[in-house]
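Beneath this line is the structure, given in structure tokens, with notes to follow.
In my numbering, the protein residues as written are 130 to 613.
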């Protein structure tokens with residue numbers, strides 16, 4: 130009996146310990162002193178989750194983020210401290226100044242350093258802060274003469290975001306590449322660039338950009354979530370399982386990060402964790418958009434909270450009338466084809482069968498998030514009349530397929546050829562210039578025929594597509610190089 134009571138008491142103490150933020154905080158500090166920053170950040174994230182108003186824990190986590198090169202995440206956390214906690218911590222301005230300086234945003238760094246100097250002129254970091262102010266004072270005009278104009282950056286970011294949201298994807302990519310060239314450690318711009326590539330259907334470049342962020346800024350939550358979405362839409366199931374398990378152990382403090390994590394995990398079917406974060410936002414009074422409520426109702430339904438799911442969905446229907454789309458739990462039961470190529474082939478074959486209702490449902494669906502796919506479907510429905518409203522990538526894919534359809538109508542309607550064609554188109558979009566559609570289409574056609582023992586001459590094929598044999602040979606070499 131005594132032994133049982135002792136074991137029960139020990140168990141209770143262990144449970145209490147695991148619910149105590151200070152336990153994780155001190156373990157995190159130990160890891161930090163050992164310079165294991167990744168482990169330290171995870172442990173202190175757990176501590177902050179349990180003690181969300183502890184200024185010491187929050188500021189320590191911000192410092193660790195900064196040392197890991199996650200300058201934006203650090204500043205987000207410091208902003209949260211300054212805006213939401215009653216404890217006065219003027220040193221947050223000094224930490225922010227350093228973060229901005231690392232990002233190359235020198236005007237903002239100067240403003241924060243000056244704010245620290247005003248708030249605590251004899252503070253702990255006053256000497257270091259004075260040195261930073263001297264370094265940032267770039268002449269008689271002060272930071273106003275800085276080549277890194279923060280106002281200009283904000284304008285560029287807003288423009289890129291607007292282009293991305295309006296589906297002007299080629300322009301968004303160009304704008305974001307300009308920003309990343311000027312600010313090589315502004316990881317939010319890289320994350321948006323990855324999304325722009327993905328929305329264009331260029332999954333290869335999307336992944337490469339996400340990897341670039343993670344190689345230089347390990348643990349970047351937005352990059353990890355983006356990568357999980359890319360894996361999911363490419364049906365790389367093992368990577369989806371591994372990365373979603375990793376993200377299920379993340380404890381984000383900021384609303385934006387909770388939204389991103391909750392929506393992403395719900396998308397890939399980890400409804401339990403997704404619901405936890407989205408519901409926590411809802412209970413905190415977070416006012417999201419229709420996408421937020423979509424994933425909240427979806428994750429609620431699939432975790433058994435059906436009444437709440439239906440309540441949330443009725444709110445969506447009343448606040449966003451005219452959307453005319455099925456409830457998320459109806460939509461999510463549909464099986465998603467296993468890759469971008471297979472989805473594009475399925476849309477194309479549906480169009481040859483006159484299945485317009487199916488294609489219109491795709492456009493209304495929240496399940497397919499890449500505008501490139503929706504643009505391609507619009508072209509299948511409306512033809513060239515929709516050309517002005519779609520991306521260059523979608524128009525290239527559509528025009529290429531239409532040329533191939535004219536040359537080989539019967540085989541293009543088969544899943545084997547159409548999947549292969551769209552695979553090649555995807556590789557072209559990742560690596561080649563989207564010019565001379567006839568050249569690309571002719572090369573795809575000739576390589577397919579040759580592989581299946583049908584020996585049309587290059588001269589005949591070139592004439593069929595209105596190009597020269599030399600042009601056909603050039604584009605065949607391009608495809609051979611791309612497919613290697």
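Quick reminder that beta carbons are idealized off the backbone N, C-alpha and C, glycines included.
Because the structure is a prediction, the values reported are computed rather than measured.
Margin query: Tell me the rounded alpha-carbon separation between residue 238 and residue 282.
Written below: Within the chain shown, the letter at position 109 stands for residue 238. Within the chain shown, the letter at position 153 stands for residue 282. If I take the Cα positions, the gap works out to 14 Å.
Check: Do residue 355 and residue 370 come within 8 Å of each other at the CB atom, strictly closer than that value?
Finding: In the chain shown, counting from the first residue as 1, residue 370 sits at position 241. In the chain shown, counting from the first residue as 1, residue 355 sits at position 226. Not a contact, by the Cβ cut-off of 8 Å.
Item checked: Whole-angstrom distance between residue 489 and residue 332, CA atom to CA atom -> Locating residue 332 in the chain shown gives position 203, counting from the first residue. Locating residue 489 in the chain shown gives position 360, counting from the first residue. If you draw a straight line from the Cα of residue 332 to the Cα of residue 489, it comes to about 24 Å.
Notebook entry, point to check: Run through DSSP, which three-state label would residue 456 get?
Noted result: Residue 456 sits at position 327 when you count from the first residue of the chain shown. For residue 456, the secondary structure class from DSSP, reduced to helix, strand or coil, is coil.
Margin query: Is the beta carbon of residue 458 closer than 8 Å to that of residue 438?
Written below: Against the chain shown, residue 438 aligns to sequence position 309. Against the chain shown, residue 458 aligns to sequence position 329. Contact flag set, yes.
Check: In three-state terms, what does DSSP make of residue 264?
Finding: Here residue 264 is taken as the residue at index 135 of the chain shown, counted from 1. In the structure shown, residue 264 sits in a helix (DSSP, three-state: H, G or I).
Next item on the list: Answer yes or no: do residue 575 and residue 587 have a C-beta to C-beta separation smaller than 8 Å?
Entry: Within the chain shown, numbered from 1, the residue matching residue 575 stands at position 446. Within the chain shown, numbered from 1, the residue matching residue 587 stands at position 458. It is a contact, given that the beta carbons lie within the stated cut-off.
Item checked: DSSP state of residue 386 mapped onto helix, strand, coil -> Working through the chain shown from its first residue, we reach residue 386 at position 257. Reduced to three states, the DSSP call for residue 386 is helix.
Notebook entry, point to check: How big is the Cα-Cα spacing for residue 257 and residue 468?
Noted result: The count along the chain shown starts at 1 and reaches residue 257 at position 128. The count along the chain shown starts at 1 and reaches residue 468 at position 339. Going from the Cα of residue 257 to the Cα of residue 468 covers about 53 Å.
Check: Looking only at C-alpha atoms, which of 475, 600, 507 sits nearest to residue 552?
Finding: Reading the chain shown from its first residue, position 423 is the one you call residue 552. Out of 475, 600, 507, the CA that lies nearest to the CA of residue 552 is found in 475.
Notebook entry, point to check: Quick one: complete beta strand (DSSP E) runs, 3+ long, within the stretch 362-411?
Noted result: Counting only runs of 3 or more, we get nothing.
Check: Helix, strand or coil for residue 351 per DSSP?
Finding: Working through the chain shown from its first residue, we reach residue 351 at position 222. DSSP places residue 351 within a helical segment (H, G or I) once states are collapsed to three.
Notebook entry, point to check: residue 524 to residue 334, Cα distance in whole Å?
Noted result: As a first step, residue 524 must be located in the chain shown, where it is residue number 395. As a first step, residue 334 must be located in the chain shown, where it is residue number 205. Each residue's alpha carbon lies about 19 Å from the other.
Next item on the list: Return the Cβ separation of residue 532 and residue 491 in integer angstroms, given the expectation that the two are a contact with Cβ distance under 8 Å.
Entry: One-based indexing of the chain shown puts residue 532 at position 403. One-based indexing of the chain shown puts residue 491 at position 362. Contact between residue 532 and residue 491 fails: their C-beta atoms lie close to 23 Å from each other, not under 8 Å.
Notebook entry, point to check: Ends of the alpha helix (DSSP H) at residue 344?
Noted result: The residue labelled residue 344 in the question sits at position 215 within the chain shown. For residue 344, the enclosing alpha helix (DSSP H) begins and ends at 332-345.
Check: DSSP on residue 295, reduced to helix/strand/coil?
Finding: Stepping through the chain shown from its first residue, residue 295 is reached at position 166. In the structure shown, the three-state DSSP call for residue 295 is coil.
Next item on the list: Please name the residue in 508, 460, 454, 456 whose C-alpha comes closest to that of residue 479.
Entry: Locating residue 479 in the chain shown gives position 350, counting from the first residue. For residue 479, the nearest C-alpha among the options comes from 508.
Notebook entry, point to check: If we count the other Cβ atoms within 10 Å of its Cβ and call it buried at 16 or more, is residue 545 buried or exposed?
Noted result: Within the chain shown, the letter at position 416 stands for residue 545. Exposed, by the Cβ-count rule.
Check: On the premise that residue 596 lies in contact with residue 557, defined as a C-beta separation below 8 Å, what is that separation, rounded to the nearest angstrom?
Finding: Working through the chain shown from its first residue, we reach residue 557 at position 428. Working through the chain shown from its first residue, we reach residue 596 at position 467. Between residue 557 and residue 596 a beta carbon distance of about 16 Å is seen, past the 8 Å cut, so the two are scored as non-contacting.
Notebook entry, point to check: Under the rule that 16 or more other beta-carbon atoms within 10 Å means buried, what is residue 284, buried or exposed?
Noted result: By 1-based counting over the chain shown, the position of residue 284 is 155. That one is exposed.
Notebook entry, point to check: Which whole-angstrom value is the C-beta distance of residue 118 and residue 262, which I expect to be below 8 Å?
Noted result: The first residue shown for the chain is 130 and the last is 613, placing residue 118 beyond what the model contains.
Checklist line | For residue 611, the three-state DSSP class (helix, strand or coil) | finding: Locating residue 611 in the chain shown gives position 482, where the first residue counts as 1. Correct three-state label for residue 611: helix.
Item checked: Local conformation of residue 597 per DSSP, three classes -> The count along the chain shown starts at 1 and reaches residue 597 at position 468. Here residue 597 carries a coil assignment [DSSP, helix/strand/coil].
Next item on the list: Could you check which residue in 585, 582, 602 has the C-alpha nearest to that of residue 572?
Entry: Counting from one through the chain shown, the residue named residue 572 turns up at place 443. Nearest of 585, 582, 602 to residue 572, Cα basis: 602.
Check: CB residue 182 to CB residue 214, shorter than 8 Å?
Finding: Locating residue 182 in the chain shown gives position 53, where the first residue counts as 1. Locating residue 214 in the chain shown gives position 85, where the first residue counts as 1. Yes, Cβ-Cβ distance for residue 182 and residue 214 is below 8 Å.
Check: Comparing alpha-carbon positions, which option in 397, 429, 375 lies nearest residue 408?
Finding: For this step, residue 408 is matched to residue 279 along the chain shown. Residue 408 has its Cα closest to that of 429, out of 397, 429, 375.
Check: If we call anything under 8 Å between Cβ atoms a contact, is residue 193 one with residue 161?
Finding: In the chain shown, residue 193 corresponds to position 64, counting from 1. In the chain shown, residue 161 corresponds to position 32, counting from 1. Yes, the pair counts as a contact, with Cβ atoms nearer than the cut-off.
Next item on the list: Since I believe residue 157 is in contact with residue 77 (beta carbons under 8 Å), could you give me their beta-carbon distance rounded to a whole number of angstroms?
Entry: The requested residue 77 does not occur in the structure, where the chain is confined to residues 130 to 613.
Check: In angstroms, rounded to a whole number, what distance separates the CA positions of residue 179 and residue 454?
Finding: Translated into positions along the chain shown, residue 179 becomes position 50. Translated into positions along the chain shown, residue 454 becomes position 325. Straight-line Cα distance between these residues: approximately 39 Å.
Next item on the list: Using beta-carbon positions only, say whether residue 325 and residue 350 come within less than 8 Å of one another.
Entry: By 1-based counting over the chain shown, the position of residue 325 is 196. By 1-based counting over the chain shown, the position of residue 350 is 221. Going by C-beta atoms, residue 325 is not nearer than 8 Å to residue 350.
Checklist line | Candidates 417, 440, 394: closest to residue 426 by CA position | finding: As a working note, residue 426 is residue 297 in the chain shown. Nearest to residue 426 by alpha-carbon distance, out of 417, 440, 394, is 440.
Item checked: Same chain only: Cβ atoms within 7 Å of residue 419, ignoring 5 sequence neighbours per side -> Numbered from its first residue, the chain shown carries residue 419 at position 290. Excluding its 5 nearest sequence neighbours in each direction, residue 419 has C-beta neighbours in its own chain below 7 Å: 445, 449, listed in chain order.
Checklist line | Proximal residues to residue 540 (C-beta, below 7 Å), its chain only, five neighbours per side dropped | finding: As a working note, residue 540 is residue 411 in the chain shown. Closer than 7 Å at the Cβ level, and outside the excluded window around residue 540, lie 546.
Item checked: Bounding residues of the alpha helix (DSSP H) (the contiguous stretch that carries residue 551) -> Numbered from 1 along the chain shown, position 422 holds the residue referred to as residue 551. Per DSSP, residue 551 is one residue of the alpha helix (DSSP H) stretching across 544-560.
Check: Helix, strand or coil: how does DSSP classify residue 603 here?
Finding: By 1-based counting over the chain shown, the position of residue 603 is 474. Taken through DSSP and simplified to helix, strand or coil, residue 603 comes out as helix.
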